[in-house]
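Heads up, the thing below is written out as structure tokens.
2 protein chains.
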Amino acid sequence: MPIERPRRRIPEATVARLPVYLRILIEQTNEEIESISSDGLAELAGVNAAKVRKDLSYLGSYGTRGVGYEVAFLAYQIRRELGLTHDWPVVIVGAGNLGQALAGYGGFGQRGFPVAGVVDIDPSKVGSVIAGVRVRHIDDLDQIVQTRQVNIGVVATPPSAAQDAADRLTRAGVTSILNFAPVVLAVPNGISVRKVDLAVELQILSCYEQRRMGVGLQAIGLRDPGRGASA
Amino acid sequence: MPIERPRRRIPEATVARLPVYLRILIEQTNEEIESISSDGLAELAGVNAAKVRKDLSYLGSYGTRGVGYEVAFLAYQIRRELGLTHDWPVVIVGAGNLGQALAGYGGFGQRGFPVAGVVDIDPSKVGSVIAGVRVRHIDDLDQIVQTRQVNIGVVATPPSAAQDAADRLTRAGVTSILNFAPVVLAVPNGISVRKVDLAVELQILSCYEQRRMGVGLQAIGLRDPGRGASA
DNA sequence: AGGCATTCGTGCGCGCGTTCACAAAGTCCG
DNA sequence: CGGACTTTGTGAACGCGCGCACGAATGCCT
Ligand SMILES: NC(=O)c1ccc[n+]([C@@H]2O[C@H](COP(=O)([O-])OP(=O)(O)OC[C@H]3O[C@@H](n4cnc5c(N)ncnc54)[C@H](O)[C@@H]3O)[C@@H](O)[C@H]2O)c1
Ligand SMILES: NC(=O)c1ccc[n+]([C@@H]2O[C@H](COP(=O)([O-])OP(=O)(O)OC[C@H]3O[C@@H](n4cnc5c(N)ncnc54)[C@H](O)[C@@H]3O)[C@@H](O)[C@H]2O)c1
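Protein chains in written order, with the working numbering: chain X, 109 to 339; chain G, 109 to 339.
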């Protein structure tokens with residue numbers, strides 16, 4: 109099988125959907141389903157069928173007209189494009205409420221993101237064990253990143269310490285950061301940052317709720333009795 | 109002061125940025141700064157200044173040319189647009205690893221999203237107390253939603269139970285859902301859903317890392333010694 | 001073999017969001 | 001009071017992503 113390089117740069121929006129397709133394909137594999145059409149995949153992913161086909165076409169022409177896509181093969185192609193053919197160990201900075209929940213969550217390891225280490229600045233946290241992983245001091249960060257070949261760091265510190273955490277991560281050699289603190293991180297060029305801000309998500313929902321109810325109802329604190337339109 | 113209705117529908121992308129501006133404005137208020145320019149706000153938010161001005165212009169003309177925006181007043185306008193002039197109690201379904209972290213996180217209450225209740229289907233979880241909130245049985249969901257006027261629900265159950273949790277939430281009268289389970293939820297028309305999928309975020313970062321390293325380097329497992337381009 | 005049904009791959013137009021650039025509008029200061 | 005300076009608000013151009021619609025390819029059945 110010839111190694112086929114992607115013809116074009118894959119759009120950001122497509123990259124964000126590929127993981128969803130991949131998860132669905134894995135579920136299909138578990139149910140022994142060998143083939144799936146763009147329509148079926150679109151239904152399960154909650155998107156347009158044409159969008160599915162266009163997304164997948166960036167990977168190459170891996171479908172069979174009149175039939176669909178071979179589930180296992182397509183899953184492999186998506187994995188290859190996303191760089192999931194091997195594990196990406198991650199290091200978590202901040203062993204608080206959230207950091208512990210993340211470290212204790214088995215789902216990451218299963219999906220190819222084993223927790224290479226958890227670090228904290230608080231001496232009282234250092235040494236405790238979370239889901240088999242011992243919390244180490246943040247000064248050990250460089251060593252963990254080096255020896256475990258870590259490229260991805262997770263920031264789970266309070267907002268005031270998040271920039272410091274990001275600085276230490278980049279200095280240690282990490283090139284991608286997933287940030288849970290509600291702050292905008294400044295990082296050197298070439299470093300990728302994605303943020304997960306739960307408060308922002310809730311505030312967006314709040315905006316929808318706000319629009320859903322009439323101004324009058326809101327003022328006197330009544331519930332909107334009917335269901336509005338718009339998904 | 110006349111109540112001014114927004115001239116146009118505010119774009120989705122802008123709504124997603126308003127919470128970021130708001131958080132920055134609140135920080136500025138805490139530092140006793142009364143005025144800020146679009147340039148300053150753009151810097152702190154990590155976006156283009158023109159984008160800031162266009163975003164804010166959807167709210168109305170609340171800036172002063174030659175000066176900037178009055179921090180407190182602008183914050184109020186954003187709050188009004190996002191529907192943050194009053195609290196939005198939320199109910200959390202699933203008192204596991206993540207549900208407990210969320211319920212125990214004080215940041216939500218501070219930002220106007222008090223936890224009205226936590227429910228679980230597991231009898232052994234029911235009755236335990238998390239950060240002052242007693243976990244109740246999921247059969248009590250309707251009552252909690254009714255009496256506490258809950259519009260927003262959070263799904264923190266295992267993937268297999270997420271659709272069931274969403275169904276119960278919508279049946280109870282919730283109209284917005286924040287979903288942490290890695291599944292695509294099917295909901296009736298008019299119900300808003302936002303998902304937070306940490307595995308997807310990591311996989312997107314993985315894709316960037318994949319692109320960062322040359323194919324040859326990846327094959328033999330070496331670290332990329334240099335820093336690539338592209339933020 | 002041929003016709004038919006199915007499904008992929010994609011060209012194309014459209015609408016949204018981003019960014020530039022600039023006039024309008026205000027401040028500041030002598 | 002007037003001119004220089006600052007900053008907003010927005011028209012316009014651009015690019016990207018979405019979805020339609022259709023040709024092309026493949027399988028299946030007779
Ligand atoms: N817990 C949640 O459910 C939740 C929800 C949304 C957002 N967040 C955000 O996630 C972040 C973490 O939340 P949390 O509830 O786990 O907070 P937490 O206070 O429980 O934990 C923070 C941890 O970070 C450590 N820390 C502080 N400074 C550090 C530094 N410079 N280097 C390394 N470690 C440091 C602390 O010792 C502590 O253990 C916060 O920014 C919070 O806003 C949390
Ligand atoms: N923990 C994390 O850090 C993390 C990270 C990413 C994603 N997630 C996702 O968040 C979800 C929750 O994760 P978790 O680690 O808290 O799992 P968990 O197993 O610790 O908790 C799930 C809870 O949901 C309850 N539950 C099960 N079925 C229910 C039902 N029908 N109605 C109400 N409650 C029900 C269970 O009793 C349990 O208490 C999962 O979908 C997981 O994939 C979690």
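Glycine included, each C-beta is placed from N, C-alpha and C at the ideal position.
Please report the distance separating the alpha-carbon of residue i from that of residue j.
i	j	result
G:Asn259	X:Glu309	14 Å
X:Val253	X:Ile299	15 Å
X:Val304	X:Val227	20 Å
X:Gly176	G:Leu164	46 Å
G:Arg219	X:Pro266	15 Å
G:Phe288	X:Phe181	28 Å
G:Ile141	X:Gln311	24 Å
X:Asp195	X:Phe216	10 Å
G:Ala269	G:Ile200	14 Å
G:Val241	G:Leu249	14 Å
X:Arg125	X:Ser143	19 Å
X:Arg117	G:Arg244	50 Å
X:Thr122	G:Thr255	42 Å
G:Val301	G:Ser169	31 Å
X:Asp275	G:Ala280	45 Å
X:Leu206	X:Gly174	47 Å
X:Gln251	X:Thr278	13 Å
G:Thr172	X:Val263	38 Å
X:Asp272	X:Glu178	46 Å
G:Val223	G:Gly202	13 Å
G:Leu306	X:Leu306	12 Å
X:Val155	G:Val291	13 Å
X:Leu293	X:Pro119	24 Å
G:Leu149	G:Glu139	14 Å
X:Gly225	X:Ala209	14 Å
G:Ser236	G:Ile246	14 Å
G:Gln257	X:Gly204	31 Å
For the beta strand (DSSP E) that residue i lies in, which residues bound it at each end?
i	result
X:Asn287	Ser284 to Asn287
X:Ala224	Val223 to Asp228
X:Tyr177	Gly176 to Glu178
G:Val301	Ser300 to Lys303
X:Arg244	Val241 to His245
Kindly list the residues whose CB is nearer than 8 Å to the CB of residue i, restricted to its own chain and excluding five residues on each side of it in sequence; keep chain order.
i	result
X:Ala183	Leu130, Leu133, Ile134 and Thr137
G:Phe221	Asp195, Trp196, Pro197, Val198 and Ile260
X:Val295	Ala274, Thr278, Ile285 and Val301
Which first and last residues belong to the alpha helix (DSSP H) in which residue i is found?
i	result
G:Ser146	Ser146 to Ala153
G:Val160	Ala157 to Ser165
X:Val123	Glu120 to Asn138
X:Val234	Counting along the chain, X:Val234 falls outside any alpha helix (DSSP H), and DSSP gives it neither H nor E.
X:Arg319	Leu306 to Arg320
Between which residues of its own chain and residue i is the CB-CB distance below 7 Å, once the five residues before and five after are set aside?
i	result
G:Leu152	Ile132
X:Thr193	Arg187
G:Gly214	none
X:Ala239	Ala211 and Gly212
X:Val128	Ala153
Give every residue of the same chain whose Cβ lies closer than 6 Å to the Cβ of residue i, excluding the five residues on either side of it in the sequence, and list them in chain order.
i	result
X:Ser146	Ala157, Val160 and Arg161
G:Leu167	Gln185 and Glu189
G:Asn297	none
- Quick one: any contact between the segment 309 to 322 of chain G and the segment 267 to 285 of chain X, if contact means 3 or more CB pairs under 8 Å? With three or more CB-CB distances shorter than 8 Å, the segment 309 to 322 of chain G counts as touching the segment 267 to 285 of chain X.
- Query: Do the segment 185 to 192 of chain X and the segment 228 to 244 of chain X touch if we need at least three Cβ pairs shorter than 8 Å?
  - Reply: Cβ pair count under 8 Å is below three, so no.
- Message: Which complete beta strand (DSSP E) runs does the segment 248 to 278 of chain X hold, if anything under 3 residues is left out?
- Response: Runs of the beta strand (DSSP E) inside the segment 248 to 278 of chain X: 260 to 263.
- Task: Counting only runs of 4+ residues fully inside the segment 182 to 217 of chain X, write out the alpha helix (DSSP H) ranges in chain order.
- Result: The qualifying runs are 205 to 211.
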